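The working numbering puts the first residue of the sequence shown at 1, with every later residue one more than the last.
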Amino acid sequence: MPAVLPLKESSRELIVDVAQVLEPYFADISASWREKITEEFHFDERALGALERIKIAAAAPYLARGDFNGFNENLTYNGTRLAKLKVDTRLVAFSLQVYQAKCEPYLGSLFGERCPEAVAALETLSSATFVAVSGAYFDAKSQESSALLSVLDAELSAGSLQLLLNRILEISRSIFGAKVGLIMLEDEAAVLRVRAATGFPKETDLEEFATNVGQGFSGAIALSGEPAISLDPGHDERFHSQALRHRAKSLWGMPLRKDSKTLGVILIGFDRPYDWLPTERELLRAIGERSALAIDRAQIAEALREREARIAELSGYLLRAQEEERKRISRELHDETGQALMVIRLYLGMLEAAVRSRTPRAKIRETVEIVDRTIDGIRRIIGKLSPLVLQELGLVAAIRKESKDLAKNCGVKTRVLVGDDVGRLAPETEMALYRVAQEALHNVAKHAEAHTASVQLSRQGDQVRLVIEDDGVGLPAKSSNSRGHSFGLAGIKERVHSMGGNVRLHSARGKGTRLEIVVPAEGVAGPEAVQELATPSIAGVH
Ligand SMILES: Nc1ncnc2c1ncn2[C@@H]1O[C@H](COP(=O)(O)OP(=O)(O)OP(=O)(O)O)[C@@H](O)[C@H]1O
Ligand SMILES: [Mg+2]
1 MPAVLPLKES SRELIVDVAQ VLEPYFADIS ASWREKITEE FHFDERALGA LERIKIAAAA
61 PYLARGDFNG FNENLTYNGT RLAKLKVDTR LVAFSLQVYQ AKCEPYLGSL FGERCPEAVA
121 ALETLSSATF VAVSGAYFDA KSQESSALLS VLDAELSAGS LQLLLNRILE ISRSIFGAKV
181 GLIMLEDEAA VLRVRAATGF PKETDLEEFA TNVGQGFSGA IALSGEPAIS LDPGHDERFH
241 SQALRHRAKS LWGMPLRKDS KTLGVILIGF DRPYDWLPTE RELLRAIGER SALAIDRAQI
301 AEALREREAR IAELSGYLLR AQEEERKRIS RELHDETGQA LMVIRLYLGM LEAAVRSRTP
361 RAKIRETVEI VDRTIDGIRR IIGKLSPLVL QELGLVAAIR KESKDLAKNC GVKTRVLVGD
421 DVGRLAPETE MALYRVAQEA LHNVAKHAEA HTASVQLSRQ GDQVRLVIED DGVGLPAKSS
481 NSRGHSFGLA GIKERVHSMG GNVRLHSARG KGTRLEIVVP AEGVAGPEAV QELATPSIAG
541 VH
């Protein structure tokens, strides 16, 4: 909203008159005013300059032209400047009062009877000036807080470190009206590299700006942790990059520091030599501090995400390697141990037929029985390691077999419910779902003390849902779960997440456990495979 000069139309005419009449005396009045205010307070050059530009004498040329808008703009500009120079508003009021007091003695002789009116007109002008300047102070302050708030907002809303850096840079560039901006972050080798840039042509080689901590303009800021400014980068030895030298006429640099650690540097450049005012430097410092916190958090989150992704990749690899290894062992057990046992069994049979005496024959028979049991055991191991049913008849048949085993070995009544649209899935998906079901059913056998259990497999669009439920004791309270030695459920979660699926585990003490997993039904084989399976719509097996 553009600021409006708080001066009533009716007062304007008299104010213009007073300013015109006083015109010849302004030089003397201003000199005496300057003496008085500098005697009482020590203003620096820039603050005094800005105060000069808001006094009544400075208003006169605008008023003479009837240019109230120009006058107002001048007040807003110098008010903002005074705010940035951190001149207390009470001193601004004091300076206006002193000027007014210095004018008043002239008004008696110049306005005669109308003197009180002229004094009132000057008072109105001073008040209007003060109100306009205060408005500029307020705007400057709210701009600062909104800059800091937008950094906070950028932190909350930016999804990645890169987006956060871009937003911080954009906020800093626009708040100070800069032309270019850079955020450089320190890498492991203590080199500052550009991670975000604005205002540079596309073809700029941002790698060229890289600099060692301690070297050059940015390097010195990073090392000292102190801000720095260059008012003539073109001739400033601290810049070794030509692109940076010629892109800006002045450059401000602020460290991005968290506690005592420097994460990097933020640089903004202007198309004119522009010295920062105290509040501008402080605002950039505040933005730098706020941003460093956000960047630090985003870097930690990013490192964690990367680690997680690497762990997921590794665990996917390990799961595949484990399946391969299981296949290899089962092949060896089958081809070598199994074959050798078959040969032993054959020879024992021949031996049994050749031996006449009863005792050795009985011993040979016993040995044959042991070999048979061993062969059975090996078949079971082979089945678990690399389930033939799964490969040949598919997931549903393999799950049914696991459920039957559970019923047979533990007496848990188990039902398998399969939706008629499941069909055959990609081999890896079938293997993963089979392993999940296998582990869940093993858990039922090992921990649940259940009477009944069920396995449900269904397909909804491009997702497959597998639910394993029991009516047993339920999961123990979290604290008593010995995380150190239990990998079954963790393995299920890992497997399912690596497939882009979800796991839900519901349990109440004494009310059973329900494990539900949903995975994408990728790589579903064609309809002929579905036919081949010919599963009844909902089939129960006991
Ligand atoms: N169906 C269930 N009913 C009751 N408790 C269960 C059930 N499934 C798992 N649990 C509990 O959750 C714990 C973790 O299960 P998880 O499968 O991760 O490990 P585990 O079976 O103990 O060992 P591992 O699977 O590594 O051989 C189990 O120790 C058990 O206390
Ligand atoms: Mg387990």
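Just so it is clear, CB atoms sit at the ideal spot from N, CA and C, and this is done for glycine as well. The structure displayed is predicted, hence computed values, not measured ones.
Where does Arg424 sit, in a helix, a strand or coil, going by DSSP?
One-based indexing of the sequence shown puts residue 424 at position 424. Here Arg424 carries a coil assignment [DSSP, helix/strand/coil].
Span of the alpha helix (DSSP H) holding Glu207?
For this step, residue 207 is matched to residue 207 along the sequence shown. No alpha helix (DSSP H) contains Glu207, which DSSP labels as neither H nor E.
Cβ pair Met499, Val519 closer than 7 Å
Within the sequence shown, the letter at position 499 stands for residue 499. Within the sequence shown, the letter at position 519 stands for residue 519. Yes, the Cβ-Cβ distance between Met499 and Val519 is below 7 Å.
On the DSSP bridge assignment, give the partners of Asn212 in chain order.
Sequence index remark: in the sequence shown, residue 212 carries index 212 (1-based). Beta-bridge pairing links Asn212 to Val191.
Start and end of the beta strand (DSSP E) containing Val503?
As a position in the sequence shown, residue 503 is number 503, starting the count at 1. First-last of the beta strand (DSSP E) with Val503: Asn502 to Ser507.
Selection from Arg65, Thr429, Arg365 and His451 that minimises the alpha carbon distance to Arg12
Within the sequence shown, the letter at position 12 stands for residue 12. Closest by C-alpha distance to Arg12, out of Arg65, Thr429, Arg365 and His451, is Arg65.
Opening and closing residue of the alpha helix (DSSP H) in which Pro372 lies
For the purposes of this step, residue 372 is taken as the residue at position 372 of the sequence shown. According to the sequence provided, residue 372 is Asp. The question's Pro does not apply to it. Unbroken alpha helix (DSSP H) run through Asp372: Arg358 to Leu385.
Suppose you measure from the CA of Leu406 to the CA of Val151; what does that come to, to the nearest Å?
Here residue 406 refers to the residue found at position 406 of the sequence shown. Here residue 151 refers to the residue found at position 151 of the sequence shown. A direct Cα-to-Cα measurement between Leu406 and Val151 gives close to 59 Å.
Helix, strand or coil for Asn481 per DSSP?
Here residue 481 corresponds to residue number 481 of the sequence shown, with the count starting at 1. Residue placement at Asn481 is poorly supported in this model, since its pLDDT is 49, which falls under 50; the coordinates still yield a value, given next. Under the three-state reduction of DSSP output, Asn481 falls in the coil class, being neither helix nor strand.
Taking C-alpha atoms, which residue in Glu449, Arg509 and Glu313 lies nearest to Gly474?
As a working mapping, residue 474 is identified with position 474 in the sequence shown. That would be Arg509, whose Cα lies nearest to the Cα of Gly474.
Does DSSP classify Phe270 as helix, strand or coil?
Taking the first residue of the sequence shown as position 1, residue 270 is located at position 270. In the structure shown, Phe270 sits in a strand (DSSP, three-state: E or B).
Nearest CA to the CA of Arg245: which residue from Ala450, Gly181, Leu223 and Gly488?
As a first step, residue 245 is located in the sequence shown; it is residue number 245 there, counting from the start. Of the candidates Ala450, Gly181, Leu223 and Gly488, the one whose C-alpha sits nearest the C-alpha of Arg245 is Gly181.
Quick check: Ser126 and Leu163, are their CB atoms within less than 7 Å of each other?
Locating residue 126 in the sequence shown gives position 126, counting from the first residue. Locating residue 163 in the sequence shown gives position 163, counting from the first residue. Taking the C-beta atoms as reference points, Leu163 is found no nearer than 7 Å to Ser126.
At which residues does the beta strand (DSSP E) containing Trp252 begin and terminate?
Here residue 252 is taken as the residue at index 252 of the sequence shown, counted from 1. Trp252: member of the beta strand (DSSP E) spanning Ser250 to Lys258, first to last residue.
When the Cα atoms are used, what is the spatial distance from Ser260 to Glu237?
Numbered from 1 along the sequence shown, position 260 holds the residue referred to as residue 260. Numbered from 1 along the sequence shown, position 237 holds the residue referred to as residue 237. Near 28 Å, if we compare the C-alpha coordinates of Glu237 and Ser260.
For Lys261, which beta-bridge partners are listed by DSSP?
The residue labelled residue 261 in the question sits at position 261 within the sequence shown. Paired residue(s): Lys258.
Roughly how many angstroms lie between the CA atoms of Leu156 and Asn166, to the nearest whole one?
Within the sequence shown, numbered from 1, the residue matching residue 156 stands at position 156. Within the sequence shown, numbered from 1, the residue matching residue 166 stands at position 166. Each residue's alpha carbon lies about 14 Å from the other.
For Gly394 and Arg424, believed in contact at Cβ under 8 Å, the rounded distance:
Position 424 of the sequence shown holds residue 424. Position 394 of the sequence shown holds residue 394. About 5 Å separates the Cβ atoms of Arg424 and Gly394, confirming a contact at the 8 Å cut-off.
Just checking Asn443 against ligand 2 - is the residue's beta carbon closer than 6 Å to any of the ligand's heavy atoms?
The sequence position of residue 443 within the sequence shown is 443, counting from 1. At least one heavy atom of ligand 2 is nearer than 6 Å to the Cβ of Asn443, so yes.
Please find out if some non-hydrogen atom of ligand 1 comes closer than 6 Å to the beta-carbon of Leu393.
Against the sequence shown, residue 393 aligns to sequence position 393. Judged by the Cβ position, Leu393 fails to qualify as a neighbour of ligand 1 at the 6 Å threshold, every heavy atom of the ligand being at least this far.
Nearest to Ile378 by alpha carbon, out of Leu351, Val418, Arg365 and Ile329?
Here residue 378 refers to the residue found at position 378 when the sequence shown is read from its first residue. With distances taken between Cα atoms, Ile378 lies closest to Ile329.
Closest residue to Arg514 among Arg495, Ser486 and Ile468 (Cα-Cα distance):
Numbered from its first residue, the sequence shown carries residue 514 at position 514. Put simply, of Arg495, Ser486 and Ile468 the residue whose alpha carbon is nearest the alpha carbon of Arg514 is Ile468.
Based on Cα-Cα distance, which residue from Ala248, Phe26 and Ser291 lies nearest to Tyr274?
Reading the sequence shown from its first residue, position 274 is the one you call residue 274. Here the closest residue by C-alpha is Ala248.
Quick check on the burial criterion: 16 or more other C-beta atoms within 10 angstroms. Buried or exposed for Gly69?
Walking along the sequence shown from the start, residue 69 turns up at place 69. Looking at the sequence provided, one finds Asn at residue 69 rather than Gly. Burial is judged here by how many other beta carbons sit within 10 angstroms of a residue's own beta carbon; Asn69 has fewer than 16 and is exposed.
Paired residues, beta bridge with Thr198 - DSSP:
Walking along the sequence shown from the start, residue 198 turns up at place 198. Thr198 is bridged to Gly181.
Tell me whether His447, by its Cβ, gets closer than 6 Å to a heavy atom of ligand 1.
Along the sequence shown, one-based indexing puts residue 447 at 447. Within the cutoff, so yes.
Distance check for Asp462 and Ile381, CA to CA, integer angstroms please.
Taking the first residue of the sequence shown as 1, we reach residue 381 at position 381. Taking the first residue of the sequence shown as 1, we reach residue 462 at position 462. Per the coordinates, the alpha-carbon of Ile381 lies some 34 Å from the alpha-carbon of Asp462.
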